[in-house]
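In the numbering used here, the protein residues as written are 86 to 601.
To keep things clear, I will list the structure first and then write my remarks on it.
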Amino acid sequence: MKKHILMTALLVCTAAVADKPNFLFILVDDLGKQDIGIEGSTFYETPNIDALARSGMRFENGYAACQVCSPSRASIMLGTAPPRHGITQWIGAKSGMAYKRNDPVMPADYVHNLPASDTTLAEALKAGGYKTFFAGKWHLGSKGSWPEDHGFDINIGGWDKGSPSGGYFSPYKNPNLSNGPDGEALAIRLANETASFMDDHQDQPFLAYLSFYLVHGPIQTSEELCNKYRAKADKMGLTENDVRFKFDRRLPVRQVQDNPIYGGMMETLDDAVGIVLNKLKETGLDKNTVVIFTGDNGGVTSGDAFATSSLPLRGGKGRQWEGGFREPYYIRAPGVARPGSISTVPAIGMDFFPTMLELADLPLLPKQHVDGVSLVPALKGAPMPDRALFWHYPHYGNQGGEPSSIIRSGDWKLIFYHEDQRMELYNLADDIGEQADLAAKHPEKVSGLKKQLDAWLADTGAVMPEKDARFNEAKFEAKLENARTKRMRGLEEQHARFLDMEWQPNKDWWGSAARD
């Protein structure tokens with residue numbers, strides 16, 4: 086299919102490419118919607134990202150394609166939903182009989198490399214005359230399935246790993262990224278590399294894909310920034326909090342944004358975004374560059390580093406509620422989207438592919454980006470047809486999420502759980518925090534949405550988890566009780582210590598000067 090699609094694109098694209106818009110695509114790892122100042126955070130400081138959001142269109146109902154990273158990233162690249170391309174879990178997670186964490190169902194198997202037979206966004210733009218550049222986190226396959234194997238002319242730092250092997254300061258331990266000066270911040274390095282690429286390719290339309298490893302764990306920042314956010318927490322009265330966590334279903338979940346380490350990481354992220362935006366303005370490229378900003382899944386509120394809070398959204402990364410996949414979703418398209426505009430149109434990761442092709446005046450590839458729609462009408466302020474959005478995650482995450490399939494249609498959201506086939510129904514207009522399950526009150530709505538969901542799962546060839554005969558319910562309940570008690574107490578103590586001015590990190594940071 087790939088060869089046919091690319092040949093068609095090359096034959097159709099006979100016009101000069103000089104007037105085509107450039108694209109700067111900024112993807113942030115594990116970024117919760119509520120981590121951004123313009124979206125409601127009062128603790129983290131994101132002035133550059135806020136300004137970017139105001140300079141184009143904000144999609145209030147913007148979503149990632151999955152609640153974990155690799156599936157979402159693949160869906161952006163391919164324009165297809167996770168069950169269709171087969172990468173339904175973060176690459177590297179155990180599945181099938183290899184999964185041994187004692188849960189009720191056995192997670193489904195999944196694809197471990199971005200399918201070579203598909204046409205990626207980068208390949209489609211390259212066929213249309215674009216120079217393509219990738220910097221940062223890839224996590225879409227092993228060697229042979231890296232960015233350079235899927236349409237990117239240049240790859241800086243993209244490889245197998247989903248987190249920075251050397252941490253957030255040089256030396257990086259990354260085969261595709263040379264080390265910088267000792268203590269150089271990874272995000273700043275990636276931003277500078279991206280800025281240099283854009284500066285060097287002003288005479289040819291380009292795709293600069295800046296995919297930050299931030300704000301994925303491990304959480305690390307500089308001593309200066311950590312102290313800044315400790316002082317800010319104290320000034321805001323946050324150091325007086327006795328309770329930072331609430332137990333929800335499987336794990337404790339963070340209820341407040343006061344983590345000074347994460348605050349420093351968010352500021353570094355914002356500084357890095359500022360570097361690439363300033364380069365566009367400095368060179369005049371901002372007048373003809375579409376800038377897209379989004380995240381691959383929700384913020385880490387439980388599991389991993391328990392770093393942030395997504396309230397009023399329930400849950401976070403890996404979980405089936407809105408905190409798991411509702412994202413900042415900003416598109417600045419000069420001459421197309423009115424600065425400061427806000428859209429309520431539901432948008433999802435698969436939509437970027439056809440949207441960017443239409444903005445570039447390149448032929449759409451509907452057989453490839455089958456699950457995406459172009460958002461150009463919405464960018465122009467025109468109405469768009471109603472449609473349902475779907476998710477399928479037949480796995481367990483590290484953050485307490487449960488294997489589930491989901492449909493959102495209008496304000497209604499149905500969650501189907503694969504462990505026991507129960508269903509939850511929420512009205513997001515009235516209950517953004519998903520606290521009132523309305524399934525028992527609206528059986529007809531449940532039935533109708535479930536039929537739509539089943540049809541979508543069949544159409545995409547979704548693979549389902551199966552009951553696990555190894556499951557031990559007594560051990561499972563003991564694990565839950567430990568999470569509800571001992572682990573909860575440990576988290577409260579640990580996160581209170583982060584705000585203590587005497588607290589010190591591991592020896593491999595601040596920066597990296599203390600490394601052996």
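For glycine and all other residues, C-beta sits at the position ideal for the given N, C-alpha and C.
All of these numbers come straight from a predicted model, not from anything done at the bench.
Legend entry - Endpoints, beta strand (DSSP E) assigned at Y414: Element bounds for Y414: 414 to 417.
Inset, instruction - Indicate whether the contact test is met: 3 or more Cβ pairs, each with one atom in the segment 320 to 339 and one in the segment 562 to 576, closer than 8 Å. - result: At 8 Å Cβ cutoff, the stretches touch.
Legend entry - For S227 and A173, the rounded distance between their alpha carbons: Reading off the sequence, residue 173 comes out as Thr, not Ala. In a straight line, the C-alpha of T173 is about 16 Å away from that of S227.
Inset, instruction - Leaving aside the five residues before and after N133 along the sequence, list all residues of the same chain whose C-beta is less than 8 Å from its C-beta, in chain order. - result: For N133, the CB contacts under 8 Å within the same chain, skipping 5 residues up- and downstream, are D355, D356, V358, G359, L362 in chain order.
Inset, instruction - Evaluate contact between the segment 409 to 429 and the segment 373 to 384, counting only Cβ atoms and requiring at least three cross-stretch pairs below 8 Å. - result: Inter-segment contact for the segment 409 to 429 and the segment 373 to 384 is present: three or more beta-carbon pairs are separated by less than 8 Å.
Legend entry - Separation of N567 from G482, as counted between CA atoms: It is roughly 18 Å from the alpha-carbon of G482 to the alpha-carbon of N567.
Legend entry - Reduced DSSP secondary structure (H/G/I, E/B, other) of S202: Reduced to three states, the DSSP call for S202 is coil.
Inset, instruction - Return the chain-ordered list of same chain residues with a C-beta closer than 6 Å to the C-beta of D194, the five sequence neighbours on each side being excluded. - result: Sequence-distant partners of D194 (beyond 5 residues in either direction) whose C-beta falls short of 6 Å from its own C-beta, in its chain, are S180, G181.
Inset, instruction - Could you work out which residue in N198, E124, A276, Y253 is closest to F110 when comparing CA atoms only? - result: The candidate whose alpha carbon is nearest that of F110 is A276.
Inset, instruction - Take A540 as the anchor and find which of P488, A473, L565, Q579 has the nearest alpha-carbon. - result: The candidate whose alpha carbon is nearest that of A540 is A473.
Legend entry - Contiguous beta strand (DSSP E) assignments of at least 3 residues, all confined to the segment 96 to 167: Taking only runs of at least 3 residues, the beta strand (DSSP E) segments lying wholly in the segment 96 to 167 are 107 to 113, 142 to 144.
Inset, instruction - Go through its chain and collect everything with a Cβ distance to M549's Cβ below 7 Å, but skip five positions before and after it. - result: The beta carbon of M549 sits closer than 7 Å to those of A193, P479, H503, all from its chain and outside the five residues before and after it, given in chain order.
Inset, instruction - Could you pull out every residue in the same chain whose Cβ sits closer than 6 Å to the Cβ of E208, ignoring the five residues on either side in sequence? - result: Result list for E208: G236, in chain order.
Legend entry - Cβ pair Y298, F219 closer than 8 Å: No, the Cβ-Cβ distance between Y298 and F219 is not below 8 Å.
Legend entry - Within 8 Å, strictly: CB atoms of M435 and T165: Contact: yes.
Inset, instruction - Starting from the Cα of L499, find the closest Cα among D516, P468, D505, V531 and give me that residue. - result: That would be V531, whose Cα lies nearest to the Cα of L499.
Inset, instruction - Could you tell me which residues DSSP pairs with H477 in its beta bridges? - result: In the DSSP output, where bridge partners are listed per residue, H477 has S490.
Legend entry - DSSP state of Y215 mapped onto helix, strand, coil: Y215 falls in the coil class under three-state DSSP.
Legend entry - Where G359 falls: helix, strand or coil (DSSP): The answer is helix: DSSP assigns G359 an H, G or I state.
Inset, instruction - Using 10 angstroms around the beta-carbon of S126, count the other beta-carbons present and answer buried if the total reaches 16, otherwise exposed. - result: Buried, since its Cβ has 16 or more Cβ neighbours within 10 Å.
Inset, instruction - Can you say whether K216 is buried or exposed, counting buried as having 16 or more other CB atoms within 10 angstroms of its CB? - result: K216 comes out buried.
Inset, instruction - Decide if R158 is buried, meaning its Cβ has at least 16 other Cβ atoms within 10 Å, or exposed. - result: R158 is buried by the Cβ-count criterion.
Legend entry - G242 beta carbon less than 8 Å from that of L262: With contacts defined by Cβ atoms closer than 8 Å, L262 and G242 form a contacting pair.
Inset, instruction - Give the straight-line distance between the Cα atoms of T429 and G147, rounded to the nearest whole angstrom. - result: Here the C-alpha atom of T429 lies approximately 9 Å from the C-alpha atom of G147.
Inset, instruction - Please report the residue range of the beta strand (DSSP E) in which I273 lies. - result: DSSP places I273 in no beta strand (DSSP E) but in the uninterrupted alpha helix (DSSP H) bounded by 271 to 285.
Inset, instruction - Just the C-alpha distance for R507 and D496, rounded to the nearest angstrom, thanks. - result: R507 and D496 have their C-alpha atoms spaced approximately 20 Å apart.
Legend entry - For V375: DSSP bridge partner residues: Bridge partners of V375: F108.
Legend entry - The alpha helix (DSSP H) enclosing Y511, as first and last residue numbers: Taken as a continuous stretch (DSSP letters only), Y511 belongs to no alpha helix (DSSP H), being part of the beta strand (DSSP E) at 508 to 512.
Inset, instruction - Take every Cβ of the segment 116 to 131, pair it with every Cβ of the segment 310 to 326, and state whether three or more of those distances are shorter than 8 Å. - result: The segment 116 to 131 is in contact with the segment 310 to 326.
Legend entry - For W497, three-class secondary structure by DSSP: Per DSSP, reduced to three states, the secondary structure at W497 is strand.
Legend entry - Three-state secondary structure (DSSP) of K239: The amino acid occupying residue 239 in the given sequence is Ile; Lys does not appear at that position. Three-state result, I239: strand.
Inset, instruction - Kindly indicate which residue of Q340, G383, P290, F475 has the alpha-carbon position closest to the one of L538. - result: For L538, the closest C-alpha among the options Q340, G383, P290, F475 is that of F475.
Legend entry - L295, DSSP secondary structure in three states: L295 falls in the strand class under three-state DSSP.
Legend entry - Residue of R169, L210, S160, H224 minimising C-alpha distance to I176: Its Cα nearest to that of I176, the residue H224 stands out among R169, L210, S160, H224.
Legend entry - DSSP state of D601 mapped onto helix, strand, coil: Confidence at D601 is low in this model, with a pLDDT of 39, below 50, so the placement of that residue is unreliable and no value is reported for it.
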